[in-house]
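K.L.:
In the working numbering, the protein residues as written are 3 to 147. All C-beta atoms, glycine included, are put in the ideal place defined by N, C-alpha and C.
1) Can you give the Cα-Cα distance for residue 75 and residue 64, rounded to whole angstroms?
2) By Cβ distance below 8 angstroms, which residues in the same chain neighbour residue 144 in space, the five residues on each side in sequence not counted?
3) What is the DSSP secondary structure of residue 135, reduced to helix, strand or coil?
4) What does a CB cutoff of less than 7 angstroms around residue 33 pick up in its chain, not counting 5 residues either side in sequence?
5) Please return the same chain residues whose Cβ sits closer than 7 angstroms to the Cβ of residue 106, not counting the five positions on each side in sequence.
6) Taking the straight line between their C-alpha atoms, what separation do you get for residue 78 and residue 62?
7) With the cut-off set at 7 angstroms, would you say residue 140 and residue 114 are in Cβ contact?
8) For residue 92 and residue 67, I'd like the C-alpha separation in whole angstroms.
9) When you compare the CB positions of residue 90 and residue 122, do they come within less than 7 angstroms of one another, or not?
10) Can you check the region 50 to 137 for any beta strand (DSSP E) of at least 3 residues that lies completely inside it and give the ranges in chain order?
What follows is the structure in structure tokens.
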């Protein structure tokens with residue numbers, strides 16, 4: 003003789019009432035009354051995307067730090083001519099004294115052109131557009147040397 007069993011519905015995890023359904027947001031079986039009490043709405047209300055986007059954008063803007071100003075090297079005075087210059091570290095770990103301000107590339111010889119990156123690192127320019135600008139090492143233009 004075979005007996006048939008009827009499937010038993012799950013019991014509510016909160017009040018142990020039979021006939022509960024699985025609540026995905028809460029991760030447990032709950033009856034309708036407990037689902038409404040736990041979430042404030044039946045299982046999950048639809049949310050309009052237009053309501054979420056401004057809040058999300060505002061929180062993302064608040065979490066992004068402001069860009070740092072470009073770093074400059076420490077100031078120095080040339081012991082030979084008395085002119086002001088700034089020390090910058092090169093990509094090879096050495097230090098070079100740079101003249102303040104930029105100059106047109108066309109007026110600076112090819113091996114003497116420098117660029118100071120946003121982090122304060124001095125990079126020697128190989129090729130450059132003739133209408134561009136560059137920086138010059140103080141050692142190249144010191145009047146007393």
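P.N.:
Looking at the coordinates:
1) Residue numbering aside, residue 75 sits at position 73 when the chain shown is read from its first letter. Residue numbering aside, residue 64 sits at position 62 when the chain shown is read from its first letter. Answer to the nearest angstrom: the Cα atoms are 30 angstroms apart.
2) Here residue 144 refers to the residue found at position 142 of the chain shown. So the list reads 80, 82, 83 and 85, once near-sequence residues are dropped.
3) Position 133 of the chain shown, counting from 1, holds the residue named residue 135. Annotated three-state conformation of residue 135 is strand, per DSSP.
4) For the purposes of this step, residue 33 is identified with residue 31 of the chain shown, where counting begins at 1. So the qualifying residues of the chain are 14, 17, 19, 21 and 22.
5) The sequence position of residue 106 within the chain shown is 104, counting from 1. Cβ neighbours of residue 106 within its own chain (closer than 7 angstroms, five residues either side excluded): 135.
6) Here the question's residue 78 lines up with position 76 in the chain shown. Here the question's residue 62 lines up with position 60 in the chain shown. Between residue 78 and residue 62, the C-alpha separation is close to 41 angstroms.
7) Taking the first residue of the chain shown as position 1, residue 140 is located at position 138. Taking the first residue of the chain shown as position 1, residue 114 is located at position 112. At least 7 angstroms separates the beta-carbon of residue 140 from that of residue 114.
8) Here residue 92 is taken as the residue at index 90 of the chain shown, counted from 1. Here residue 67 is taken as the residue at index 65 of the chain shown, counted from 1. Residue 92 and residue 67 have their alpha carbons spaced roughly 27 angstroms apart.
9) Walking along the chain shown from the start, residue 90 turns up at place 88. Walking along the chain shown from the start, residue 122 turns up at place 120. Against a cut-off of 7 angstroms, the Cβ pair of residue 122 and residue 90 comes out as a contact.
10) For the region 50 to 137, whole beta strand (DSSP E) runs of length 3 or above, ordered along the chain, are 77 to 79, 86 to 91, 97 to 100, 115 to 118 and 124 to 126.
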